[in-house]
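Data block below; observations after.
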Amino acid sequence: MSFELDILHAPPTAILTGELTIMTLGDLQDDLFGLLNFAIVVLDVSQLEELDSCGAQLIALLQQEANQQSKRLRIRTGEESVAQLALSQLGLLPMLTIAGTKDGYQ
11 MSFELDILHA
21 PPTAILTGEL
31 TIMTLGDLQD
41 DLFGLLNFAI
51 VVLDVSQLEE
61 LDSCGAQLIA
71 LLQQEANQQS
81 KRLRIRTGEE
91 SVAQLALSQL
101 GLLPMLTIAG
111 TKDGYQ
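If you're matching positions, the sequence shown starts at 11 in the working numbering and goes up one per residue.
If you want it as structure tokens, here you go:
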């Protein structure tokens, strides 16, 4: 698993690769919630190779917290990615602001 944050371009973008599962949540939770220090940020999960229900719930919780703090968090899932499939199957996509939609970023 890897967490890479690009703050040189606007909006800042965090890219997750590898796994976001119950086994990796502890290592990534602080980094992910640290994204809420930005007013606008993109979380790119399109390169994840594995996303379980715990990881998906953490993404949904992060989105909920961003909304409560009036932050603009956009999730980039990528078409036909592991993340998009998992979030869709779990019914979490409607809760998320997806990058590339009319409310998000391209």
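Using N, Cα and C, we set each Cβ at its ideal position, and we do this for glycine too.
Helix, strand or coil at residue i [DSSP, three-state]
i	result
I32	coil
F48	coil
Q74	helix
L61	strand
Pairwise C-alpha distance: residue j and residue i
i	j	result
L58	L18	22 Å
T27	V52	14 Å
S63	Q39	15 Å
S98	A20	28 Å
I25	A49	17 Å
Q74	M105	8 Å
Q78	N47	13 Å
D37	A96	21 Å
Short Cβ contact (9 Å threshold) for residue i with residue j
i	j	result
R86	V55	yes
L45	L15	yes
F13	L42	yes
G101	Q94	no
L71	L30	no
I108	G65	no
Sheet register partners of residue i (DSSP bridge)
i	result
T23	D16, V52
I69	According to DSSP, I69 bridges with nothing at all.
L83	V51
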